[in-house]
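Student:
Numbering (full-length UniProt numbering), first residue to last: 1 to 86.
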């Protein structure tokens, strides 16, 4: 579980993983208490429209288990979602 949670610590591993999956200009703040902010752009090879994301993550400890639950609220900008649904 510690290795998995390292993906959310804001370090080099997290940045490398996010860049590998197509998130460029990835920036995150340090965890303040149990919340942090993220922002990045979609690589046009992944999303033909590009687009930007601003996100807030909150983590809460799972009692009785050795881990955390991470909830995320995202704001998408420049992604024409309405064009893809009927």
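Ideal Cβ positions, reconstructed from N, Cα and C, are used throughout, including at glycine. Every value quoted in this text rests on a predicted model; they were computed, and no experiment measured them.
1. For residue 55, which residues in the same chain have their Cβ closer than 8 Å to its Cβ, ignoring the five residues on either side in sequence?
2. Give me, in chain order, the residues of the same chain whose beta-carbon lies closer than 7 Å to that of residue 77; leave out the 5 immediate sequence neighbours on both sides.
3. Counting C-beta neighbours from all protein chains within 10 Å, is the total for residue 49 16 or more, i.e. buried, or is it exposed?
4. Quick check: is the beta carbon of residue 12 nearer than 8 Å to any beta carbon in chain B?
5. Helix or strand or just coil, what does DSSP make of residue 73?
6. Which term fits residue 42, buried or exposed, when burial requires 16 or more other beta carbons within 10 angstroms of its beta carbon?
7. Would you kindly report the start and end of the unbroken alpha helix (DSSP H) that includes residue 59?
Tutor: From the atom records:
1. 37, 38, 39, 72, 73, 74 and 75
2. 51 and 52
3. Using a 10 angstroms sphere on the CB of residue 49, the tally of other CB atoms stays under 16, which defines it as exposed.
4. Looking at the structure shown, chain B is missing, and only one protein chain is on hand.
5. Collapsing the DSSP output to three states places residue 73 in a strand.
6. Taking a 10 Å sphere around the C-beta of residue 42, we find 16 or more other C-beta atoms and assign the residue as buried.
7. First-last for residue 59: 52–61, but that is the beta strand (DSSP E), not the alpha helix (DSSP H).
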